[in-house]
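Reviewing the structure listed below.
Right, dumping it as structure tokens:
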């Protein structure tokens, strides 16, 4: 899929059940991000080589981490590889509360006179935060649409502490994916994996900013694939399936990466079920 400054992805996704302070059975995890670039994952096809064993060769851009069974600290390698490319996104928007119709009713004004007529719409600033990950060295970031939906301002904080104003290049509420851009260059980027080949039981790692706690790392397994929105409490929608994981994710993780044991992004953390534990859901990266 191609994302550009003038054009953005189109696809389907989970109905937003918690946005900007709304509460519902499905809690979408908070705010931010992403900028245009190609998100299509490359699937490597195995090739037959007569009388020669096939050897996996690590590359500079996507080092292969030691297998989980051989290295109990494999998570450390994933975090060192991907952590610098995970960002925090803070957003704010002004919400106006209209004057109740009763205040405009002549009958009401008989009792309150000019006081009723002088009531003005009320405004308040709603703030939220979430996560995102850099997919292009020139500052393009991927995040959830519900993280930046309707935002007046978007601020991106890198792991090294630098902050930038972000511009939303595009968002798709159907797939719940958004792209933002920051004025920076030579940034660390993530490697995109292939979510079509995932198997339940694989080790996964989540990095994000739950409840404002920057650069939080959690780990678990891939519990299931192919979960529908109705499976997780949303409206029936067959356009997007979700990955299920028991890696701890919370509000603020939204838009952050779900990684495999190699450190490749296989999904975008998106939702949890209110009141449940160990039930987190991510958009497969191939659907983003």
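In the working numbering, the protein residues as written are 61 to 348. Glycine included, every Cβ here is placed at the ideal spot set by N, Cα and C.
Give me the Cα-Cα distance between residue 316 and residue 158, rounded to the nearest whole angstrom. On the chain shown, residue 316 is found 256 positions in, with the first residue counted as 1. On the chain shown, residue 158 is found 98 positions in, with the first residue counted as 1. Linking residue 316 to residue 158 through their CA atoms gives a straight-line distance of about 35 Å.
With three or more C-beta pairs closer than 8 Å as the rule, is the segment 206-218 touching the segment 180-193? The segment 180-193 makes contact with the segment 206-218: 3 or more CB pairs, one atom from each, lie closer than 8 Å.
I need the straight-line Cα distance from residue 286 to residue 336, nearest angstrom please. The residue you call residue 286 lines up with position 226 of the chain shown. The residue you call residue 336 lines up with position 276 of the chain shown. A straight line joining the alpha-carbon of residue 286 with that of residue 336 spans about 19 Å.
Report the rounded CA-to-CA distance for residue 148 versus residue 314, giving the unit in angstroms. On the chain shown, residue 148 is found 88 positions in, with the first residue counted as 1. On the chain shown, residue 314 is found 254 positions in, with the first residue counted as 1. So the alpha carbons of these two residues sit roughly 10 Å apart.
Look up residue 205 in the DSSP assignment and say whether it is helix, strand or coil. Position 145 of the chain shown, counted from the first residue, corresponds to residue 205. DSSP places residue 205 in helix when its eight states are reduced to three.
In its own chain, which residues sit with a C-beta less than 8 Å from the C-beta of residue 281, not counting the 5 before and 5 after it? The residue labelled residue 281 in the question sits at position 221 within the chain shown. Only 260, 261, 262, 263, 264, 305, 306 and 307 meet the Cβ criterion.
Should residue 325 be labelled buried (16 or more other beta-carbon atoms within 10 Å of its own) or exposed? Walking along the chain shown from the start, residue 325 turns up at place 265. Flag for residue 325 reads buried.
Under 8 Å between the Cβ atoms of residue 255 and residue 194? Here residue 255 is taken as the residue at index 195 of the chain shown, counted from 1. Here residue 194 is taken as the residue at index 134 of the chain shown, counted from 1. Result no, Cβ atoms of residue 255 and residue 194 do not sit closer than 8 Å.
Residue 191: buried (16+ other C-beta within 10 angstroms of its C-beta) or exposed? One-based indexing of the chain shown puts residue 191 at position 131. Residue 191 is buried by the Cβ-count criterion.
Looking at the unbroken alpha helix (DSSP H) that takes in residue 141, where does it start and where does it end? Here residue 141 corresponds to residue number 81 of the chain shown, with the count starting at 1. Run containing residue 141: 134-142, per the alpha helix (DSSP H) assignment.
Top-ranked residue by Cα proximity to residue 230, from 292, 239, 338 and 283: What you label residue 230 is simply residue 170 of the chain shown in a count that begins at 1. Comparing Cα-Cα distances from residue 230 to each of 292, 239, 338 and 283, the minimum goes to 239.
For residue 147, verify whether its CB is less than 7 Å away from any heavy atom of the ligand FAD. Looking for the ligand FAD in the displayed structure turns up nothing, as the structure carries no ligands at all.
So residue 342 and residue 327 are supposed to be a Cβ contact under 8 Å. How far apart are they, rounded? Position 282 of the chain shown, counting from 1, holds the residue named residue 342. Position 267 of the chain shown, counting from 1, holds the residue named residue 327. With a Cβ gap of about 3 Å, residue 342 and residue 327 count as contacting.
Quick check on the burial criterion: 16 or more other C-beta atoms within 10 angstroms. Buried or exposed for residue 257? Counting from one through the chain shown, the residue named residue 257 turns up at place 197. The residue in question, residue 257, is exposed, as its Cβ has fewer than 16 Cβ neighbours within 10 Å.
So what's residue 73 in DSSP terms, helix, strand or just coil? Here the question's residue 73 lines up with position 13 in the chain shown. Note that residue 73 scores 37 on pLDDT, short of 50, meaning its location in the model is unreliable; the coordinates nonetheless yield the value given after this. Residue state, collapsed to three classes: coil.
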